[in-house]
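Worksheet: the structure to be examined is printed underneath.
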Amino acid sequence: MAKKEYSFELKSSLSELDTLCQNLEKYGKKIGLSKKFVFEINLALDELFTNIISYGYEDNSEHIIKITLTPNIDELCLCIEDDGVAFDPSEFESADIACSVENCRIGGLGIHIIKKLMDEICYQRCGSKNVLTLKKKLATKKS
Amino acid sequence: MEINEEIQNGINIFKLNGRLDSNTSQGFEKQVFQAISDGSKSMIIDFKDLDYISSAGLRVILKATKAIKREDGKIMLCSMQDYVKEVFEIAGFDSFLPIVATMDDALNAF
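Heads up: the protein sequence lines correspond to chains A and B, in order. For the first sequence, the positions run 3 to 145 when this note's numbering is used. For the second sequence, the positions run 2 to 111 when this note's numbering is used.
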């Protein structure tokens with residue numbers, strides 16, 4: 003697969019989830035990703051984006067979240083950059099799952115989902131920015 | 002997301018169409034909890050036309066299930082598309098939520 007980077011920016015509002023979805027569907031079609039693959043990267047980026055909007059900002063002004071997709075030979079690299087408070091999801095302990103309705107703990111569910119869907123997660127704090135890089139293998143299915 | 006609500010044999014049926022994420026889950030939560038506070042103890046959520054769900058959507062489903070159980074009621078989830086069902090499985094929610102294949106299966110559970 004030819005290396006072709008694709009970037010887009012989202013504003014810090016939950017309604018931008020629709021923009022995220024549209025961009026990913028367009029990009030998926032362009033480079034021939036399966037619908038399942040697009041669904042899964044959409045879900046991982048949605049969970050991260052929602053976390054940033056919900057916990058990342060201490061003011062009410064508008065911020066920009068930048069997403070960059072880079073296809074490599076056997077994997078797709080997803081990079082998400084924000085200028086919110088420092089937060090490393092890769093260090094965050096996942097939720098305990100598979101419990102009962104009564105005592106199900108819900109905290110950390112989004113991060114648990116991201117870890118299940120992605121093959122690699124790498125966090126860097128660059129100046130005032132969080133830079134999170136996710137990798138997902140293209141050929142082999144990860145369940 | 003569109004939500005169509007109907008009542009059949011005393012069961013509140015919510016048909017979801019579109020995407021249940023952190024942007025749309027609040028509206029759905031409001032509607033479900035309105036039905037519960039209006040006395041509904043039997044509920045079916047039809048996922049047939051739902052294309053997408055995130056953890057924010059799972060949270061609402063879990064909250065609704067807890068609330069209905071507290072009232073000694075019953076909730077059934079039916080007709081999920083594969084990708085959506087997979088999200089319930091990844092979260093481990095399929096082990097304790099009543100998920101069935103078809104609307105008939107859901108109706109027959111009451």
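From the three backbone atoms N, C-alpha and C, an ideal C-beta is built for every residue, glycine too.
is_contact[residue i, chain A] using C-beta, thresh 7 Å
{"i": "D22(B)", "result": "yes"}
{"i": "I91(B)", "result": "yes"}
Under 7 Å by beta carbon: chain A residues contacting residue i
{"i": "L59(B)", "result": "L111"}
Chain A residues whose Cβ lies nearer than 8 Å to that of residue i
{"i": "V88(B)", "result": "L45 and I115"}
Residue i (DSSP reduced to helix, strand or coil)
{"i": "S15(A)", "result": "coil"}
{"i": "E122(A)", "result": "strand"}
{"i": "K6(A)", "result": "coil"}
{"i": "F48(B)", "result": "strand"}
{"i": "E72(B)", "result": "coil"}
{"i": "K42(B)", "result": "coil"}
{"i": "T66(B)", "result": "helix"}
{"i": "L90(B)", "result": "Residue identity check: residue 90(B) is Glu in the sequence provided, not Leu. DSSP places E90(B) in helix when its eight states are reduced to three."}
{"i": "E95(A)", "result": "coil"}
{"i": "M77(B)", "result": "strand"}
Chain B contact residues for residue i, given Cβ-Cβ distances below 9 Å
{"i": "D48(A)", "result": "D22, S23, Y53, S55, S56 and A57"}
{"i": "K38(A)", "result": "D83, Y84 and E87"}
Chain B within 7 Å of residue i, Cβ atoms only
{"i": "T135(A)", "result": "no"}
{"i": "T52(A)", "result": "yes"}
{"i": "S17(A)", "result": "yes"}
{"i": "K118(A)", "result": "yes"}
{"i": "K144(A)", "result": "Low per-residue confidence applies at K144(A): pLDDT is 46, beneath 50, and the placement is therefore not dependable, though the value from the model is reported in the following sentence. K144(A) does not count as touching chain B."}
Proximal residues of chain B, C-beta to C-beta of residue i below 8 Å
{"i": "F41(A)", "result": "Y53 and Y84"}
Reference residue i, options the options, closest by Cα
{"i": "L19(A)", "options": "L50(A), Y29(A) and K37(A)", "result": "L50(A)"}
{"i": "S55(B)", "options": "F97(B), K75(B), K64(B) and V85(B)", "result": "V85(B)"}
{"i": "I46(B)", "options": "D73(B), S96(B) and L63(B)", "result": "L63(B)"}
Can you list the beta strand (DSSP E) stretches of 3 or more residues lying completely in the region 37 to 89 of chain A, in chain order? 66 to 73 and 77 to 84
As an exercise, report each continuous beta strand (DSSP E) stretch of at least 3 residues that is fully enclosed by the region 7 to 34 of chain B, in chain order. 12 to 21
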